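Protein chains in written order, with the numbering used here: chain S, 46 to 248; chain G, 233 to 1001.
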């Protein structure tokens, strides 16, 4: 890649983004750069300057003005003040930034904010509040499924997604469902208890 | 004023099965300590963490989450190679980038590890700060380096510090990169240490075992990276810091900027993990907090500087790797005659941790003990405290050696330890732990299970010390509306100190912990200690009890006339104040509060001095069951039982959680974690969380936490620490279980599949190298 300098902080790529997309034709990448739903070769190129992006988060649409390279995680944290999802590894290794993307758990650090346009994002803040905890959040509190709490939002979201798909997971399914998340204090057995507790209440 | 006389109380303490009567002498004004006979209503219960609702909803604000108006983002630049002379740091490119507001460069002339502070930038966004950091050009003239422990010990190894130029270390002989033998440590009063004559003891032994045990460097890998948000208002500085010691950070920042400490405020409301790495003003291998404060002063704007994951792995400390040779001997009936522990631990560019603690103090009946500890410098990030510094490593060597010697003597390893162990708590642990793991199921002949998946059971001991800080105070406020607030400066690392303090205060006031709003982690509150070495509960809880007791005394005096009783005849229970002899004569706590003359009763209490206790050390015993696949070399931990005592467990729910957490971190060290440095480049190969593997949900085992009954005295709550001992025995317990499963001894951690297969092949038991 050409060197990025102060005089030329965003040098042209050897391939234009448009040619790149035409050549490779990656659906997922293209979807992020164009209007939702459209996957045409005439995709609009966004950036490098900040652009307004309408993000539907926790049921409401907010427009953030960010450079297209900004990740969904940083858009949520630094531009929408939703700091529940945590920035920990920045490469999808720990799950602390897990949010729901059209109901699927994803690492918000691995997704660009532009890719979230037109999709429903739910963060841990959207699941419940301290006064009105969701069933999973209430189970985490009861079972003391946390210590320092930095991994907790990610585990709460991942557990919520797991139970939405599989309301009665067995122990192996719980482990597999949460395998993308890490806790350093060592609260896994309590987290498993919390998932079982929340599952049990669903009747 | 004349010194007030200590009090004297007789208390029933020690293990519930074998209690003893102890006369203790608390300071004047202190309370009779809770003992085995105390009938506690709230303490020893299972209380939900007070801050849990905030943490599970993402509304708890950590340092990483702090955002202030006009805040800039800072990013550091680190040395790309492990050793050399800094020729040039060119920040001009970064400074010309739009959005960059300030830069900082180091005064250092030499690079000693890849990751050292070089420069920093402050910019209007996190992304621009990252761009600017990439534009800083650093020219370092490379010099020879050494990053491998055993290579660093050789005479021809490049010197990390030139002769006459080491950092201030213990007065100890130095040869090349090796410093030692080190003088005995000063921390902890119960370390035993060198005694008798080891050679004589070994000569008296019927059987001698000698082996060298090794383990890798481990990083703390805390989830919230180190960081700070610095905010100046005139000459007043507020720092939001992810730290284990807000007062320590305050002192360091005040010194760095030549400020009165009262002008510096440090806040750590919630903190995302420390494990010893956040016991520094910044971090052991970086001065980022000072840099952030400088950039903030220079720009007149708040500055946020959070390390990224790569930085976190290379410059914020680690637990030393070690090479430990143990010589140990016993008579034919299994009586220990000698323990010799000689260790070389890898300090990186810093002072290492001492691994001789377990050998020096675990078996005090052993008459002949020799501890020889050495630090070895390497061109790598400096070591710092990590949960019982040196003790998991030392216990791994000692307790594997004990297991090996028991095997050679033909004695059950548990019986071998029982014969040599005089610790009153630990003696009570053997049977309860053996029953919980099913000790009788272990292989009589190690490796005897048929088939490729071999199961085995092992156990090990660990130890730590009763440590505490006395310059600690707690404030309790009872408001006219009956609400109660508690203020204490110490920070909550995730151990649940908020809830523990609330439980102790609630016990005195007859309330529930949730009735008390606890404020911690702020230098504006009464002083709390730095949280390290398992000190916070036993330092802070006694002061909380005293402050709450004072509030109780004041309230009792207010309502006694109303209840037509004397204040001392009143009991505080279930949110009411009642006449003890006539429990139907009551007023509610809220009604009592409304009798106060003003708006609030404020009670502040200092922690009184530590007094006599059953033990000055903390015992730990853990059992592990593993399954080893001898075809793939993969080890799975199936079950762990931890038997521990923490004096009065203030909150069983959080204490058991912490106990299991120690086992998990220990299992993670035993099987997975390994900081890997590139031999040719001297940089870390796995500075992340996917290749630096820590134990995850899929690896989780059945964990059984057992907190045995029994108070320890020493302070008015009779609580001791908890965080360190739960981590100490785990490595050896798992290694011993692997031996029981396979009949093959692995003496190097982590026990990765390649090492398992190589060991099996070497022993002619399958596997392939």
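We put the beta carbon where it would ideally sit given N, CA and C, even for glycine. Note that the structure is predicted; figures quoted are calculated from it, not measured.
message = Quick test of the definition: if touching needs 3 or more C-beta pairs under 8 Å, does the stretch 524–540 of chain G touch the stretch 554–566 of chain G?
response = no
Considering only the beta carbon of each residue, do residue 474(G) and residue 129(S) sit closer than 9 Å?
no
- Query: Counting pairs of Cβ atoms below 8 Å between the stretch 969–982 of chain G and the stretch 853–863 of chain G, do you hit three or more?
  - Reply: yes
Using the rule of at least 16 other Cβ atoms within 10 Å of the residue's Cβ for burial, across every protein chain shown, is residue 217(S) buried or exposed? exposed
Residue(s) in a DSSP beta bridge with residue 555(G): 446(G), 576(G)
### Task
Could you tell me whether the Cβ atoms of residue 544(G) and residue 457(G) are closer together than 9 Å?
yes
- Task: Give the DSSP-derived three-state secondary structure of residue 154(S) in the structure shown.
- Result: helix
* **Alpha-carbon to alpha-carbon, residue 447(G) and residue 901(G)** => 9 Å
(Q) What would DSSP say about residue 427(G), mapped onto helix, strand or coil? (A) strand
Q. In the DSSP assignment, what are the bridge partners of residue 560(G)?
A. 441(G), 571(G)
Counting only C-beta atoms, is residue 229(S) closer than 9 Å to chain G at any point?
yes
For my contact list, residue 137(S) and residue 226(S) are in at a C-beta cut-off of 8 Å; report their separation, rounded to the angstrom. That pair is no contact at about 11 Å.
Q) Do you know offhand how far residue 239(S)'s Cα is from residue 187(S)'s? A) 8 Å
*Is residue 653(G) near residue 693(G), with beta carbons less than 9 Å apart?*
yes
Please name the residue in 382(G), 363(G), 389(G) whose C-alpha comes closest to that of residue 375(G). 389(G)
Below 7 Å on C-beta distance, what does residue 725(G) contact in chain S? 193
- Please look up how many angstroms separate the CB atoms of residue 571(G) and residue 736(G), rounded, as I've assumed it's under 8 Å. Going by Cβ atoms, the distance from residue 571(G) to residue 736(G) rounds to 40 Å, so no, they are not a contact pair.
With a cut-off of 8 Å, do at least 3 Cβ pairs link the stretch 731–748 of chain G to the stretch 767–783 of chain G?
yes
Item checked: Spatial distance of residue 378(G) from residue 405(G) (CA atoms) -> 20 Å
Please classify residue 66(S) as buried or exposed, where buried requires at least 16 other C-beta atoms within 10 Å of its C-beta. Legend: pLDDT at residue 66(S) = 39, less than 50; position of this residue unreliable, value from coordinates given subsequently. Answer is buried; the Cβ neighbour count reaches 16.
Handout entry: Classification of residue 461(G) by the beta-carbon crowding that lies within 10 angstroms, buried from 16 upward
Key = buried
- Task: Just tell me which of 371(G), 323(G), 483(G) has its CA closest to the CA of residue 361(G).
- Result: 323(G)
Subject >> Listed by chain order, chain S residues near residue 456(G) by CB distance under 8 Å >> reply: 131, 133, 193, 195
- Task: Let me know the secondary structure DSSP gives residue 230(S) once reduced to three states.
- Result: coil
By alpha-carbon positions, which one of 337(G), 704(G), 926(G) ends up nearest to residue 1013(G)?
Missing from the structure shown is residue 1013(G); chain G here goes from 233 to 1001 and no further.
Compute the minimum distance between the beta carbon of residue 965(G) and the heavy atoms of the ligand COA, and state whether it is under 8 Å. In the structure shown, the ligand COA is absent, as is every other ligand, since no ligand is present at all.
For residue 185(S), which residues in chain G fall below 9 Å Cβ to Cβ?
284, 287, 288
Check: For residue 9(S) and chain G, any beta-carbon pair shorter than 9 Å?
Finding: Nothing about residue 9(S) can be read from this structure; chain S reaches only from 46 to 248.
Would the stretch 579–592 of chain G and the stretch 627–637 of chain G be scored as touching if the rule is three or more Cβ pairs under 8 Å?
-> yes
I need the boundaries of the beta strand (DSSP E) containing residue 166(S), first residue and last residue. 165–167
Using CA atoms only, rank isn't needed, just tell me which of 844(G), 821(G), 701(G) is closest to residue 227(G).
Within the shown structure, residues of chain G are numbered from 233 to 1001, placing residue 227(G) beyond reach of any answer.
Task: Limits of the unbroken beta strand (DSSP E) element including residue 837(G) - done: 832–838
Review point. Taking residue 314(G) as the reference, which of 915(G), 333(G), 334(G), 806(G) has the closest Cα?
Key: 915(G)
- Nearest to residue 199(S) by CA position, among 230(S), 150(S), 158(S), is which residue? 150(S)
* Identify whether residue 198(S) lies in helix, strand or coil by the three-state DSSP scheme. => helix
Rounding to the nearest angstrom, what Cα-Cα distance links residue 610(G) and residue 626(G) in this structure?
20 Å
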